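K.L.:
The structure follows.
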Amino acid sequence: MTDAETPMLSLAAPAYNEAGGIEAVVRDWVRVLSGSGESFEIVVANDGSSDGTGEVLDRLAAEIPQLRVVHEKVNHGYGHAVSLAMKSAAGLYVASLDSDGQFDPADALSFLQKARQEGLDGVNGRRMGKKDSLIRVLADRVLNLIVRVLFGTRLSDTNCALKLIRRELLKELTLDARGYPFPTELVLKLEAKGAKIAEMPANHYERASGKSHLKVWDTGWKMLWFLLYLRLRLSLFKRGIIQRP
224 MTDAETPMLS LAAPAYNEAG GIEAVVRDWV RVLSGSGESF EIVVANDGSS
274 DGTGEVLDRL AAEIPQLRVV HEKVNHGYGH AVSLAMKSAA GLYVASLDSD
324 GQFDPADALS FLQKARQEGL DGVNGRRMGK KDSLIRVLAD RVLNLIVRVL
374 FGTRLSDTNC ALKLIRRELL KELTLDARGY PFPTELVLKL EAKGAKIAEM
424 PANHYERASG KSHLKVWDTG WKMLWFLLYL RLRLSLFKRG IIQRP
């Protein structure tokens, strides 16, 4: 891809068993981004779906030139799929988001505008009026408190899926999370590298269709153990014992 063909923005999303709603979501992304005047692409990582999600995406990709689909034969987990989509992206800036319709692509455009105006390396979303179950909302609040205590970050919603990052900086990161800690790992490692990051509000909606695959208690324990591992790793990085965060 030449510089002239490089899109300004890549939307990168995971998809696992989202056949019921993925077409409407992708078409909405295309509608919003096409009206922005920005060059763009959409990269979706189909993470071993068994409900026909891959077939729906392939049909859309044959119709929509800006859409690229990356397929995994088996399910590897949320974090793996997000990472695969982001690392497959070609845009100067990469925005991650979920494929269930809970995020507004217009917010990614707002993030892009702010990043360019202020010379930012990234923008972290802060979900407004989170449209999830009460237990998930409470779990997120506890998670954010733990993250602020362990890492001293000023960001208030590190596990928000909607983020924007310069692709060149993204290529420098080694990301370990294969599950739901991925968004938090991503932004904390950016901070550890001294990246200039802002936080902006992000609209949050009900799922377009289907159901979440997240199991709150199981995910919560895995998240806690991963955060302790990440705290140790970032401490070793800051001391110069390891070369990458």
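Residue numbers (our numbering): 224 to 468.
All residues carry an ideal CB built from backbone N, CA and C; glycine is no exception.
Only a predicted model underlies this, so the values are computations on that prediction, with no experimental measurement involved.
1) Just list the beta strand (DSSP E) runs in the segment 229 to 295, keeping only unbroken ones of 3 residues or longer that don't cross its boundaries, in chain order.
2) Per DSSP, Ala318 is paired with what?
3) Count the C-beta pairs between the segment 230 to 244 and the segment 261 to 280 that are closer than 8 Å, then say yes if the count reaches three, no if not.
4) Take every Cβ of the segment 405 to 414, pair it with every Cβ of the segment 328 to 347, and state whether three or more of those distances are shorter than 8 Å.
5) Could you check how far apart the C-beta atoms of Val297 and Asp281 are, in whole angstroms? I think they sit under 8 Å.
6) Under three-state DSSP, which class holds Pro404?
7) Can you pull the DSSP bridge partners for Arg350?
8) Look at the alpha carbon of Gly324 and the alpha carbon of Ile358, and state the distance between them as a whole number of angstroms.
9) Can the beta-carbon of Pro404 be found less than 8 Å from the beta-carbon of Phe449?
10) Exposed or buried, what is Arg389 when buried is set at 16 or more other beta-carbons lying within 10 Å of its beta-carbon?
11) If the criterion is Cβ atoms closer than 8 Å, does the pair Ala247 and Phe326 meet it?
12) Am I right that Ile245 and Val266 are in contact with their C-beta atoms under 8 Å? What's the rounded C-beta distance?
13) Please work out which residues of its chain come closer than 7 Å, Cβ to Cβ, to Leu455, disregarding the five sequence neighbours upstream and downstream, and give them in chain order.
14) Is DSSP giving Ile464 helix, strand or coil here?
15) Got a sec? Which residues, its chain only, sit under 6 Å from Thr381 by beta carbon, not counting five neighbours each side?
16) Does the distance from the C-beta atom of Ala268 to that of Leu332 stay below 8 Å?
17) Based on the DSSP secondary-structure assignment, which residues constitute the bridge partners of Gly345?
18) Could you tell me the distance, in whole angstroms, from the CA atom of Val253 to the CA atom of Ala313?
19) DSSP three-state label for Lys394, please.
20) Taking the beta carbon of Asp441 as the centre, do at least 16 other beta carbons fall within 10 Å, making it buried, or is it exposed?
21) With Leu457 and Ala415 assumed to form a contact (beta carbons below 8 Å), what rounded beta-carbon distance in angstroms separates them?
22) DSSP state of Ala338, grouped into three classes?
P.N.:
Checking against the coordinates, here is how it stands:
1) Runs of the beta strand (DSSP E) inside the segment 229 to 295: 232 to 238, 263 to 270, 290 to 295.
2) Leu234, Leu387
3) yes
4) yes
5) The pair is not a contact, with the Cβ atoms about 18 Å apart (cut-off 8 Å).
6) coil
7) Ala425
8) 20 Å
9) yes
10) buried
11) no
12) Not quite, the Cβ-Cβ distance comes to about 14 Å (not below 8 Å), so this is no contact.
13) none
14) coil
15) Val370, Thr407, Val410
16) no
17) Ile388, Ile420
18) Going from the Cα of Val253 to the Cα of Ala313 covers about 17 Å.
19) coil
20) exposed
21) 5 Å
22) Of the three classes helix, strand and coil, the one that applies to Ala338 here is helix, per DSSP.
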